[in-house]
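Engineer:
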Amino acid sequence: VLVAAIASGVLIQTAGLLQSQAQATGEETTSEVSDLIQIDTVVAYEKRNFPTLGASVENNVITHLNVSVTLASGSNPTNVSEASYAIESSNNATFVSGNPNSESGLTLFQEQSLEDGETILSEDNDRIIIRFNLTNIKGISPLEENEKLEIIVNSPAGAQSTEKFSTPNNIEEGDSEIL
């Protein structure tokens, strides 16, 4: 009887420990999924759409990406300026802070129900355009024809979304292309 009582006590303690670990894992997983920023569309712009770049950048290359982001369905409000971004091309890769005040190659544009300066996505229909100026971001270069591109969005709580693209086969003067 004594052995059975000790065994049942060990089983109860183990079950309690497993339940606590499972609950912590569930909360962590929910946190990582509940603030997911998803990439909606990416528009690539050829250099001549931005005349201020001058002759220092060659022609017929993609110098700017406008990445449209929204909240994934059911996500909690998320501050886009607290996210981080990874951009990887065929030739190089870099990490970019989502804070436009500390990253000269990044600009945020509010769309739909957001006011100027707002960086928090709180509704499913909120949309922010993140403009990456590839000529002002260290570690990445303007994109050439037929180049592979991967963009990873890391939300503040750790949720991550990834999208892969290819640049056009032919980049013409003044082109803007949806990737």
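Residue numbers for the sequence shown, in my numbering: 9 to 187. Beta carbons are placed, not taken as given, at the ideal position from N, Cα and C, and that holds for glycine. Keep in mind it's a predicted model, so treat the numbers as computed, not measured.
Out of curiosity, what's the CA-to-CA distance linking residue 56 and residue 29?
Structural biologist: Distance between the alpha carbons of residue 56 and residue 29: 56 Å.
Engineer: Considering only DSSP beta bridges, list what residue 137 is partnered with.
Structural biologist: Residue 137 is bridged to 76 and 117.
Engineer: Tell me whether the beta-carbon of residue 78 lies closer than 8 Å to the beta-carbon of residue 53.
Structural biologist: Their beta carbons are not under 8 Å apart, which means residue 78 does not touch residue 53 by this criterion.
Engineer: When the Cα atoms are used, what is the spatial distance from residue 74 to residue 187?
Structural biologist: C-alpha separation (whole angstroms): 10 Å.
Engineer: Quick one: is residue 184 buried, meaning 16 or more other Cβ sit within 10 Å of its Cβ, or exposed?
Structural biologist: Exposed.
Engineer: Near residue 99, what residues of its chain come up, given a Cβ to Cβ distance below 7 Å and the 5 sequence neighbours on each side ignored?
Structural biologist: Closer than 7 Å at the Cβ level, and outside the excluded window around residue 99, lie 149.
Engineer: Between residue 153 and residue 172, which are expected to be in contact by the criterion C-beta below 8 Å, what is the C-beta distance as a whole number of angstroms?
Structural biologist: Incorrect: roughly 17 Å between the Cβ atoms, too far for contact.
Engineer: What span of residues does the beta strand (DSSP E) with residue 102 cover, start to end?
Structural biologist: Per DSSP, residue 102 belongs to the beta strand (DSSP E) from 101-105.
Engineer: Quick check on residue 134: buried or exposed, where buried means 16 or more other Cβ atoms within 10 Å of its Cβ?
Structural biologist: Residue 134 comes out buried.
Engineer: Determine, using beta carbons only, whether residue 113 and residue 145 come nearer to each other than 8 Å.
Structural biologist: The answer is yes: Cβ separation under 8 Å.
Engineer: Taking the alpha-carbon positions, what's the residue 118 to residue 91 distance?
Structural biologist: C-alpha separation (whole angstroms): 16 Å.
Engineer: The beta strand (DSSP E) spanning residue 172 covers which residue range?
Structural biologist: It spans 168-174 - the beta strand (DSSP E) in which residue 172 sits, taken as one unbroken run.
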